[in-house]
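*Asks:* Mind having a look at this structure? Questions to follow.
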Amino acid sequence: MPKVIIIGAGLVGTSMAVALQKQGFEVSVYDKIEVSAEVSKGKRYLEFGETGGSLGIQANGMLVLDRLELLDKVLEQPHTLLEGMTFLNADGSDPVFRSTISNNLPDRFKKDVHLMRSHLQNVIMRKCGESGVRMFINMKLESFSQTDSEVTVKFSDGTTVTGDYLVGADGIHSNVRRILFPEHPKAEYFCGGYLGVFQHGKKVGDATLQLKYPLSIYMNGLTGSAVFAARVGDSLGAWNVLLAKSHDGDASANAANDDWRPAANLPQEAARLADLVKEWQSPPNLVDAVLHADRITPINVYDLPNLPKWHKGRVLLAGDSAHGMLPSFGHGLGQGLEDVSVLADLFAELGGVYADHRKVFELYDKIRIPRAHSVANTSRNASSTTFTNSKLREKVMRTMMKFAFWLSNVLKLNDVVGAHDVRLDVKKALAAENIIIAK
Ligand SMILES: Cc1cc2nc3c(=O)[nH]c(=O)nc-3n(C[C@H](O)[C@H](O)[C@H](O)COP(=O)(O)OP(=O)(O)OC[C@H]3O[C@@H](n4cnc5c(N)ncnc54)[C@H](O)[C@@H]3O)c2cc1C
Numbered sequence: 021m022p023k024v025i026i027i028g029a030g031l032v033g034t035s036m037a038v039a040l041q042k043q044g045f046e047v048s049v050y051d052k053i054e055v056s057a058e059v060s061k062g063k064r065y066l067e068f069g070e071t072g073g074s075l076g077i078q079a080n081g082m083l084v085l086d087r088l089e090l091l092d093k094v095l096e097q098p099h100t101l102l103e104g105m106t107f108l109n110a111d112g113s114d115p116v117f118r119s120t121i122s123n124n125l126p127d128r129f130k131k132d133v134h135l136m137r138s139h140l141q142n143v144i145m146r147k148c149g150e151s152g153v154r155m156f157i158n159m160k161l162e163s164f165s166q167t168d169s170e171v172t173v174k175f176s177d178g179t180t181v182t183g184d185y186l187v188g189a190d191g192i193h194s195n196v197r198r199i200l201f202p203e204h205p206k207a208e209y210f211c212g213g214y215l216g217v218f219q220h221g222k223k224v225g226d227a228t229l230q231l232k233y234p235l236s237i238y239m240n241g242l243t244g245s246a247v248f249a250a251r252v253g254d255s256l257g258a259w260n261v262l263l264a265k266s267h268d269g270d271a272s273a274n275a276a277n278d279d280w281r282p283a284a285n286l287p288q289e290a291a292r293l294a295d296l297v298k299e300w301q302s303p304p305n306l307v308d309a310v311l312h313a314d315r316i317t318p319i320n321v322y323d324l325p326n327l328p329k330w331h332k333g334r335v336l337l338a339g340d341s342a343h344g345m346l347p348s349f350g351h352g353l354g355q356g357l358e359d360v361s362v363l364a365d366l367f368a369e370l371g372g373v374y375a376d377h378r379k380v381f382e383l384y385d386k387i388r389i390p391r392a393h394s395v396a397n398t399s400r401n402a403s404s405t406t407f408t409n410s411k412l413r414e415k416v417m418r419t420m421m422k423f424a425f426w427l428s429n430v431l432k433l434n435d436v437v438g439a440h441d442v443r444l445d446v447k448k449a450l451a452a453e454n455i456i457i458a459k
């Protein structure tokens with residue numbers, strides 16, 4: 021069977037592995053994660069991807085998870101089903117609701133699912149195991165080379181593997197992308213931040229850790245800082261504190277944050293961040309959620325300039341390595357899941373594992389690049405139009421934002437991205453090539 025090498029065992033690499041193994045490929049996934057360091061800390065069971073906070077998936081991503089037979093398991097995890105998001109001033113005043121309901125889809129897909137990143141990762145990893153995907157850790161891609169018939173990857177420990185195709189799902193700082201398209205600019209640093217998780221409903225002294233809204237963002241238009249807060253099921257909560265550049269300096273200099281390792285000194289970090297969000301006039305319940313976090317992970321946020329081509333020869337990019345985008349619109353993973361669906365469908369429709377990869381990869385670029393760029397541009401606009409340094413302009417922008425949300429709610433504009441079934445894009449592209457799909 022043709023062999024696929026996937027670099028990166030993040031949410032996209034592992035979903036891609038499930039999808040391609042299902043098509044009949046022999047799939048191996050390699051990740052640089054160093055487990056020995058975790059085991060030496062005395063851990064007997066390692067929850068892969070146990071850092072990080074929560075994330076939301078809209079119908080476009082849920083449809084893909086469903087086709088990979090993952091959605092039922094995802095919905096068994098602690099989760100919240102969301103109808104939208106509430107936008108507030110930093111002090112909790114002036115709430116504005118933006119609907120993210122997906123219309124014209126079966127009930128199962130109408131509301132976004134919001135869950136812990138680590139729980140989602142575990143569900144997909146388990147499926148990889150059940151499907152026969154081979155998983156390798158402590159394997160950092162250093163370089164690769166390709167001929168007309170194969171790709172060879174070299175890892176930093178000196179070992180090499182050869183396969184028919186290489187998928188770079190190695191995240192926003194992708195080495196595969198750097199080698200494939202050395203002329204393309206690096207991902208740009210946007211801001212630093214922190215992810216926190218806490219026990220929703222927990223009593224701490226006189227206070228109860230509780231969020232007022234299922235999903236909300238408290239925005240400080242004048243400093244550019246913001247706090248996202250989300251309930252995850254009945255007893256979990258998560259927050260993202262995003263800093264303006266001026267708060268932390270240029271955190272891109274601190275590449276250690278790119279590994280999403282939880283802060284070692286939790287009480288100290290929690291107290292420092294709680295003081296910070298208090299300074300922003302955040303409501304007391306939000307300050308408490310920060311102060312009593314069970315885990316805090318520093319992060320950096322980047323934006324990858326639009327990449328005009330996602331493949332060369334037998335090597336192809338997917339997920340953040342192809343289109344890492346700002347999290348302001350909450351669609352990065354959804355776009356990665358669309359990549360997975362499109363690549364698997366194209367192989368299926370064009371002859372299975374022995375399909376002409378040149379046609380498959382050409383159509384993959386044609387279908388996916390314009391849509392992912394449009395979502396990345398929307399994320400950029402959402403970030404750049406939210407912050408200003410003038411009080412008057414902040415007021416004007418907030419009024420415009422309210423109008424835009426009202427219009428979006430009335431015209432159901434969210435459907436364009438959130439309720440999109442990417443399988444229709446494949447059908448359309450194949451029809452344009454006069455290729456008729458049997459089903
Ligand atoms: C704060 C925040 C909130 C977000 N919220 C949402 C949300 O609500 N909804 C949503 O859809 N998206 C969200 N996103 C975006 C989403 O998290 C990403 O788009 C998605 O996780 C990308 O997955 P990936 O598998 O492509 O990359 P990654 O998760 O970055 O995985 C890449 C993997 O590659 C491995 N790797 C890297 N280099 C090498 C190498 N040289 N050799 C071997 N392995 C390597 C890494 O160890 C890692 O495991 C958010 C992002 C951020 C930052």
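In my numbering, the protein residues as written are 21 to 459.
Glycine residues also receive a C-beta, built at the ideal position from the N, C-alpha and C atoms.
1) Is V143 near ligand 1, in the sense that its beta carbon is under 6 Å from a heavy atom of that ligand?
2) Identify, in the order they occur along the chain, each residue of the same chain with its Cβ nearer than 7 Å to the Cβ of G69, setting aside the five sequence neighbours on each side.
3) Taking 8 Å as the threshold, find out whether the stretch 81-92 comes into contact with the stretch 206-224 through three or more Cβ pairs.
4) For V321 and V307, which I take to be in contact (beta-carbon distance under 8 Å), what is that distance rounded to the nearest angstrom?
5) Mark G216 as exposed unless 16 or more other C-beta atoms lie within 10 angstroms of its C-beta, in which case mark it buried.
6) Give the secondary structure of N80 by DSSP, where H, G and I count as helix, E and B as strand, and everything else as coil.
7) Give me, in chain order, the residues of the same chain whose beta-carbon lies closer than 8 Å to that of A449; leave out the 5 immediate sequence neighbours on both sides.
8) Under 7 Å, do S348 and S399 count as touching if we go by C-beta distance?
9) Let me confirm a value: Y374 is counted as buried when at least 16 other C-beta atoms fall within 10 Å, else exposed. Which label applies?
10) In terms of residue numbering, what span does the alpha helix (DSSP H) encompassing D359 cover?
11) In chain order, what residues of the same chain have a beta carbon less than 7 Å from the beta carbon of Q43, not counting five sequence neighbours either side?
12) Suppose you measure from the CA of F201 to the CA of R128; what does that come to, to the nearest Å?
13) Where does A29 sit, in a helix, a strand or coil, going by DSSP?
14) If we ignore side chains and look at the alpha-carbon of each, how far apart do A291 and A309 end up?
15) Using only the heavy atoms of ligand 1, determine whether one of them is closer than 6 Å to the beta carbon of D190.
16) Within the stretch 255-324, note down every full beta strand (DSSP E) run reaching 3 residues or more, in order along the chain.
17) Less than 7 Å between C-beta atoms, sequence neighbours within five positions excluded: which residues of the same chain meet that for Q41?
18) Looking only at C-alpha atoms, which of G221, D279, F45 and L91 sits nearest to G30?
19) Since V133 and I77 are thought to touch, with beta carbons under 8 Å apart, how far apart are those beta carbons, to the nearest angstrom?
20) Whole angstroms are fine: how far does the CA of T167 sit from the CA of K131?
21) Using only the heavy atoms of ligand 1, determine whether one of them is closer than 6 Å to the beta carbon of I53.
22) Cβ of G352 within 6 Å of any heavy atom in ligand 1?
23) Buried or exposed: which applies to M345, given that a residue is buried once 16 or more other Cβ atoms fall within 10 Å of its Cβ?
24) Output the boundary residues of the alpha helix (DSSP H) element that contains S403.
25) Roughly how many angstroms separate the alpha carbons of L108 and V247, rounded to a whole number?
26) In whole angstroms, give me the CA-to-CA distance for G33 and P234.
27) According to DSSP, simplified to helix, strand and coil, what is N195?
28) In the DSSP assignment, the alpha helix (DSSP H) including N15 goes from what residue to what residue?
29) Might you give, ordered along the chain, the residues of its own chain that have their beta carbon closer than 6 Å to the beta carbon of L256, omitting 5 neighbours on each side?
30) Pull the bridge partners of Q166 from the DSSP assignment, please.
31) On a CA-only basis, which of K432, F423 and D445 is nearest V116? Give me that one, please.
32) What are the start and end residues of the alpha helix (DSSP H) that includes Q141?
33) Pick out whichever of G72, K52 and G244 has its Cα sitting closest to the Cα of G283.
34) Tell me whether I27, by its Cβ, gets closer than 6 Å to a heavy atom of ligand 1.
35) CA-CA distance, L101 and Y50?
36) Got a sec: does ligand 1 put a non-hydrogen atom nearer than 6 Å to the Cβ of P347?
*Replies:* Looking at the atomic coordinates:
1) Result no, Cβ not under 6 Å from ligand 1.
2) Model confidence at G69 stands at a pLDDT of 48, short of 50, so the residue's coordinates are unreliable; what they give is reported in the following sentence. So the list reads R137, S138 and Q141, once near-sequence residues are dropped.
3) no
4) The pair is not a contact, with the Cβ atoms about 22 Å apart (cut-off 8 Å).
5) Buried.
6) Per DSSP, reduced to three states, the secondary structure at N80 is helical.
7) L383, K386 and I387
8) yes
9) exposed
10) G352 to E369
11) If we look at Q43 and ignore the five residues flanking it on each side, its Cβ neighbours are A364, F367, A368, G372 and V373.
12) So the two alpha carbons sit approximately 40 Å from each other.
13) Judged by DSSP in its simplified three-state form, A29 adopts coil rather than helix or strand.
14) 11 Å
15) yes
16) 256-262 and 315-323
17) V47, S151, G152 and V153
18) Considering only alpha carbons, the answer is D279.
19) Yes, they are in contact, since the Cβ atoms of V133 and I77 sit about 5 Å apart, within 8 Å.
20) 46 Å
21) yes
22) yes
23) buried
24) H377 to S404
25) 10 Å
26) 29 Å
27) helix
28) This structure cannot settle anything about residue 15, because the visible part of the chain is limited to 21 through 459.
29) P98 and H220
30) V171
31) F423
32) R137 to S151
33) Looking at the sequence provided, one finds Ala at residue 283 rather than Gly. Ranking the options by Cα distance to A283, first place goes to G72.
34) At least one heavy atom of ligand 1 is nearer than 6 Å to the Cβ of I27, so yes.
35) Between L101 and Y50, the C-alpha separation is close to 33 Å.
36) yes
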